[in-house]
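Using UniProt numbering, the letters of the sequence shown map in sequence onto residues 1 to 768.
By construction, the Cβ of each residue, glycine as well, lies at the ideal position given by its N, Cα and C atoms.
Below: the structure, in structure tokens.
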Amino acid sequence: FWGVIRPNFSEPPSDPVTTTPSIWKNSDSYTVGNSATLTWNSVDNATGYWFSVWYKGEQIVTTQVSGSSEYTLNNLGEGEYTAFITAYNDISSKQGSVTFRVNYLDIGTNFIANIIKVDSWSHVVNDNTNACIGKEVGNANEYYEFVRQSDGSYIIKSLEDGKYLEVSDGGNKNGQNVGFSGYTGENNQRWYIKNGSSGKILIPKNATGSCLDISNNGSAVGTNAQIWAQAGVAAQEFSIYTQSNIPNFINFGDDFYANIIKASTWSTLVNKNPNLEVGGEGEAEGSDIWHFRRMKDGTYIIQSLFDGKYLDVEKFSNQKGANVYCYDYTGDSNQRWYLTLGKNGKVLIPKNATGLCLDVFNDGSDAGTNAQLWEPNGTTAQEFNVYKEDTIKLGTANVTLSNNNYIYDGKEKKPDVTVKYGYATLQQGTDYTVEYSNNVKAGTATVTIKGTGIYSGTVSKNFEIKEALYTVYGYQVVINGNFDLKYYIDLSKEVANDTDAYIEFKIGDRVQKVKQRETSNGHYVYTCEVPVAQIGDKVTATLHYKDKLYALSQYSVKDYLNTIVQNKDKKEEYGKAADIASAILNYGARAQLYFGYKTDSLVYSALPDAEIKKVDSILAQDIKKAITNKESGNLENNDFKYYGASLVCKSDTGMKLYFENKNSLSLKEIDKKYDISVKDCKKQISKSINGNMICITINDLNAIELDDNFVVQMTNKQNSSQSMSVSTSPYIYIKKSMDSGNAKLINLSKAMYWYSQKAMEYSATENR
């Protein structure tokens with residue numbers, strides 16, 4: 001036992017202390033902040049008494065007392081106390097003791113409650129994971145589940161999101177924020193409770209010298225919660241206000257589709273764009289089906305399949321009679337609904353007004369009866385079956401096809417399918433599968449859509465395959481000189497016999513309407529003239545028939561020529577034509593450069609460099625030496641004087657001869673006075689006048705004719721002595737261009753010369 005200070009006695013007592021003093025506590029239980037009074041008795045032969053108290057390993061009281069007395073300990077802390085009373089004399093001593101434990105308040109094992117600042121009756125709420133003062137409107141963020149732990153502390157879970165009240169970051173300093181987080185079990189999520197002067201004090205286990213505190217003792221909405229050193233002030237005292245009648249929110253599933261049906265009359269509530277009403281016959285697709293999704297706070301957002309909008313309390317009202325309708329998603333509490341059990345169905349409670357519930361006006365069941373909010377009264381107007389749909393039947397789904405009409409071509413037709421149910425566009429493979437039938441031959445074909453996943457049933461959609469009005473059989477470029485892209489087309493009898501039907505060719509800005517056609521091996525042949533600089537452009541062909549347009553295909557001379565060059569080792573006929581095809585591509589590219597046409601995409605780009613360099617390597621002097629053609633003839637009379645010739649690069653090559661029109665004769669006067677023709681040649685000529693010059697053009701020259709001499713005869717019908725004749729050749733122009741000093745013209749002329757040479761070689765090979 002503990003030593004004592006003995007007073008001096010003149011004579012020691014004759015008897016020792018033989019009886020142990022008794023010590024009593026005044027209660028069987030103590031809570032933090034209480035007082036404890038210890039009392040003891042006197043014993044024989046004792047000359048003095050010492051009282052001491054030990055708490056958590058430390059002696060907190062030691063004092064000399066008298067017998068049969070008492071001692072009070074105030075403001076008890078949590079933990080175990082042991083009090084000792086020692087009776088003594090000079091010979092001996094006896095010691096009695098009593099142990100008791102002081103606990104934090106036990107206010108229940110598991111319950112739901114509000115945390116309310118006592119002096120202003122302001123609710124502490126979970127505001128997006130932060131603790132602060134909020135409005136008292138019955139929202140889930142005002143409610144907490146308290147669960148007592150084995151150490152006497154409580155974990156406090158918000159009904160808003162299932163997160164736990166905690167001291168942020170585990171801090172223990174004044175002003176440390178208080179918020180909400182997922183469960184960790186750490187001390188900063190455990191709270192002791194003790195009595196204050198007017199309410200309860202919440203003490204975090206990680207900082208027991210501090211407590212929950214409202215900043216600056218505020219009561220305005222948004223005032224922050226924190227911890228602060230315990231000071232016994234109003235900012236730190238709260239009512240733990242238990243809720244025995246809190247709505248019993250039920251978990252009916254996390255994600256499902258359902259009807260909302262008034263249980264007593266089996267009347268379905270529908271989205272009437274936008275009001276929620278009792279439905280009737282022939283309601284819009286999806287208006288009676290709702291997508292329920294459970295949120296973390298236990299509420300449901302309820303989305304209409306009709307338009308994708310959400311069940312909503314209009315204008316955020318919390319008053320009786322407030323309208324319920326459908327609105328775009330906001331995520332606010334007036335779009336969140338608790339489900340609770342009623343007597344014969346489920347009750348839907350809006351989170352923004354938990355004192356009210358969904359109600360059908362006057363308990364009506366007629367179509368158009370409106371839905372509203374009303375205070376719970378247990379009537380059938382407020383009880384509903386949330387009737388889950390295992391699957392949604394596709395019977396009324398809206399199905400559209402990318403094409404409803406096809407022309408027979410012997411191939412399967414599979415139009416793209418779009419399926420909409422209400423607002424939702426369904427996903428192929430997830431929500432439905434597609435099967436096609438009778439989709440090759442002419443007639444009625446069918447698409448069958450089968451629901452999968454949450455959708456069931458089938459929907460069929462028909463489309464037509466008509467007898468072919470046309471079929472593009474193939475293409476050809478006539479490479480003996482002309483750049484004619486020929487379309488080989490099979491036409492139905494009705495199109496072939498229609499004299500108004502025609503093919504329209506578009507290449508760049510050029511439009512050619514072609515009615516005239518040839519036949520070849522049972523196919524109709526339509527020809528599109530392609531200028532040399534445009535052989536890389538896609539020709540768009542369109543059939544015009546009975547005021548309708550039918551797109552045939554797009555193709556280019558370049559496509560045709562590249563096919564020949566790239567496959568010259570695979571087909572004999574391609575091998576023979578490869579050189580002239582390459583020469584045409586070279587010629588076309590030089591024409592692009594000369595005319596400045598699409599020079600960023602030259603048509604010879606796919607040719608090997610060696611093929612391109614063949615033209616570049618030709619020397620001007622070699623061309624001049626090789627061309628021996630000369631101009632000759634009777635070059636002048638009283639009316640005309642020959643000036644020279646030029647070449648025209650269109651789909652083929654034309655040669656223009658220029659004459660001075662001395663007497664300014666008109667074309668009519670010229671035709672009356674002269675016969676103009678090309679000797680020994682059936683070439684067509686054309687005439688034009690420009691100022692004092694007359695131009696005579698020899699048309700339709702192909703590549704193998706460029707080295708020919710052409711004699712243009714101008715026979716004077718009235719005086720043969722005044723007749724003229726001019727003999728010239730396209731090669732003469734090519735030869736002259738070598739001295740022009742114009743690099744682009746020289747390169748174009750070289751390519752034309754090379755093309756002419758290869759055309760003659762190809763023609764000679766074909767004629768063997």
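{"Item": "Alpha-carbon to alpha-carbon, G451 and Y436", "Value": "15 Å"}
{"Item": "Three-state class that DSSP yields for W24 in the structure shown", "Value": "strand"}
{"Item": "Neighbour-count burial assignment, E375, 16 or more Cβ in a 10 Å radius", "Value": "exposed"}
{"Item": "Assumed close pair E160, N126 - CB separation to whole angstroms, cut-off 8 Å", "Value": "4 Å"}
{"Item": "CA-to-CA distance, G280 to A367, given in whole angstroms", "Value": "5 Å"}
{"Item": "Exposure of P608, with buried meaning 16 or more beta-carbon neighbours within 10 Å", "Value": "exposed"}
{"Item": "Contacts around Q372, its chain only, beta-carbon distance under 7 Å, and the 5 residues preceding and following it disregarded", "Value": "G321, A322, N323, V324, D359 and F361"}
{"Item": "Beta-carbon spacing of E383, K346 below 8 Å", "Value": "yes"}
{"Item": "Backbone secondary structure at G96 - three-state DSSP", "Value": "strand"}
{"Item": "One or two residues paired with F659 in a DSSP bridge", "Value": "Y642 and I694"}
{"Item": "Straight-line Cα distance separating L701 from G481", "Value": "Note on G481: pLDDT 44, under 50, position unreliable in the model; the coordinate value appears next. Using only the alpha carbons, I get a separation of about 8 Å."}
{"Item": "Coil, strand or helix - L748 by DSSP", "Value": "helix"}
{"Item": "For V65 and F51, believed in contact at Cβ under 8 Å, the rounded distance", "Value": "5 Å"}
{"Item": "Closest Cα partner of residue 772 within the set G457, V514, D500 and D509", "Value": "Absent from the structure is residue 772, since the part of the chain shown begins at 1 and ends at 768."}
{"Item": "DSSP three-state assignment for Q757, whether helix, strand or coil", "Value": "helix"}
{"Item": "Cβ contact check for the segment 86-97 and the segment 177-193: 3 or more pairs under 8 Å", "Value": "no"}
{"Item": "Boundaries (first-last residue) of the beta strand (DSSP E) holding G279", "Value": "Note, G279: premise wrong, no beta strand (DSSP E); not H, not E."}
{"Item": "Pair within 8 Å by beta-carbon distance, N462 and A442", "Value": "no"}
{"Item": "C-beta contact flag for V243 and A131 at 8 Å", "Value": "What sits at residue 243 in the sequence shown is Gln, not Val. Going by C-beta atoms, Q243 is not nearer than 8 Å to A131."}
{"Item": "Rounded C-alpha distance that separates E761 from Y733", "Value": "21 Å"}
{"Item": "Burial state of L543 (16 or more Cβ within 10 Å)", "Value": "buried"}
{"Item": "Reduced DSSP category for R517 - H, G, I as helix; E, B as strand; rest coil", "Value": "coil"}
{"Item": "Residue environment, M693, which counts as buried when at least 16 other CB atoms sit within 10 Å", "Value": "exposed"}
{"Item": "Proximity of T715 and D671 at Cβ, strictly below 8 Å", "Value": "no"}
{"Item": "Residues near D431 in its chain [Cβ-Cβ closer than 6 Å; skip 5 each side]", "Value": "G453 and Y455"}
{"Item": "Nearest to S122 (by Cα), restricted to the options K411, G209 and E136", "Value": "E136"}
{"Item": "Outcome for G395 when other beta-carbon atoms lying within 10 angstroms are tallied against a minimum of 16", "Value": "exposed"}
{"Item": "Cβ-Cβ separation, C528 to V511 (assumed contact under 8 Å), whole Å", "Value": "That pair is no contact at about 10 Å."}
{"Item": "Same chain, Cβ closer than 8 Å to G410, neighbours up to 5 away in sequence not counted", "Value": "V440"}
{"Item": "Environment of G79 [buried if 16+ CB atoms lie within 10 Å]", "Value": "exposed"}
{"Item": "Own chain partners of T18 with C-beta closer than 6 Å, once the 5 adjacent residues on each side are dropped", "Value": "none"}
{"Item": "K558 burial status per 10 Å Cβ neighbour count (16 or more: buried)", "Value": "buried"}
{"Item": "Check whether I301 and R336 have beta carbons under 8 Å apart", "Value": "yes"}
{"Item": "For A263, the nearest candidate out of Y555, C681, P274 and G342 (CA to CA)", "Value": "G342"}
{"Item": "Exposure label - T37; buried when at least 16 CB within 10 Å", "Value": "exposed"}
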